[in-house]
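Report on the structure given below.
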Ligand code: IPM
Ligand code: MG
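In the working numbering, the protein residues as written are 13 to 411.
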């Protein structure tokens, strides 16, 4: 009996090792970065998701149609709404991403994605894989870039979270060996660590930032985090003007709330799960996860999303219209910049800062005592149109 159990576990592990070795080989054949300047039109697929997704998407679409009207009219940008990435349809197909949806995604250059429900063991839905995780893997979106800024407190962070490996890559492929024993796997590869770490160092170099913080738990999780740290050591040598420091995730989490220390951090690079957790904490300083956008970047595709979930509780309690669309709109600004329209992105970000962080004429609370997402977007669009936008924005943090 025990022999059989062990044999099954061995086979499970062997299949995983084989698959991951094949993935490494694929990564070694590094393809070139897509050049949006050479693509006409740039095709943008918009997935509206489920829960509060369709509500915040509707508002985001309104803002985007307004801001990008010229580019859409001239046929330089092409928006398609991709239906079918909803929990209902995913459950119907029993797939994290139904095949026809994946095909549509692959026909686009960039994707804007509203939240979609991630099932869990014992929840109301079958325990299928997260659509985010599947999309990051299928489109090889290896870098999860998450900026958090609170200028008046001196916070200017950008997180480079590894997005395709770590505890996530086999998160749905652990093994329940016996009723008593469950094992999950964590994967780090030299190539996977290298590409995200390099991206963080490149960002620092291109933006004149002279420090990079590498966050792991390499003192305990010795093999995988050890490789991540070792890779940072090696890559760091190529950037002599940048000093880098290794920090452990526990003390890093603590130091983010130390007002004196936290302003020294600028560029952070870290494995998947630590990045997931730390970026939620970081977003809280900026006004919560509802205010943070997130870019998932690969060489061929890129996907932009809100960092929060689909908030089914808000829908159940009839509060969907009070959901904050800022996170998806911040993600849209990142998308706009990514495809080369940085002036428009900057304008939108300034308007988001003014409306959401500084002036706050309307507060979104998520409840009926606050503004609706629609009201907020009216305010945002009025602000973005203001010819004095830049000076209005600057006035908030001139000390
Ligand atoms: C995020 C989210 C996802 C993650 C969930 C929805 C699977 O929390 O993008 O941070 O854990 O990566
Ligand atoms: Mg998260």
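Where is the CB? At the ideal position from N, CA and C, for every residue including glycine.
When DSSP builds the beta bridges, which residues end up paired with residue i?
i           : result
residue 199 : 178
residue 123 : 57, 315
residue 225 : 257, 280
residue 167 : 162
Using three-state DSSP, classify residue i as helix, strand or coil.
i           : result
residue 390 : helix
residue 231 : coil
residue 263 : helix
residue 400 : coil
residue 325 : helix
residue 351 : coil
residue 161 : strand
residue 257 : strand
residue 335 : coil
residue 140 : coil
residue 307 : strand
residue 172 : strand
residue 343 : helix
residue 156 : strand
residue 194 : strand
residue 187 : strand
residue 24  : helix
residue 128 : coil
residue 370 : helix
residue 239 : helix
residue 395 : helix
Using alpha carbons as the reference points, say which of the options lies closest to residue i.
i           : options            : result
residue 302 : 200, 343, 330, 23  : 343
residue 51  : 88, 80, 213        : 88
residue 329 : 92, 378, 228       : 378
residue 99  : 60, 280, 340, 403  : 60
residue 124 : 15, 305, 247       : 305
residue 94  : 57, 159, 322       : 57
residue 20  : 155, 131, 187      : 187
residue 242 : 204, 223, 269, 320 : 204
residue 240 : 23, 331, 252, 210  : 210
residue 66  : 22, 78, 406, 318   : 318
residue 244 : 234, 312, 212      : 212
residue 171 : 264, 91, 311       : 264
residue 277 : 255, 386, 68, 113  : 255
residue 259 : 251, 223, 216      : 223
residue 231 : 261, 86, 291       : 261
residue 331 : 392, 177, 380      : 380
Please list the segments of the alpha helix (DSSP H) lying wholly inside the stretch 41 to 95, counting only runs of 4 or more residues, in order along the chain. 65 to 79, 81 to 85
So which residues put a beta carbon under 5 Å from any heavy atom of ligand 1, going in chain order? 130, 142, 144, 288
Whole alpha helix (DSSP H) elements within the stretch 276 to 305, 4-residue minimum: Fully enclosed alpha helix (DSSP H) runs of no fewer than 4 residues occupy 284 to 298 of the stretch 276 to 305, in order along the chain.
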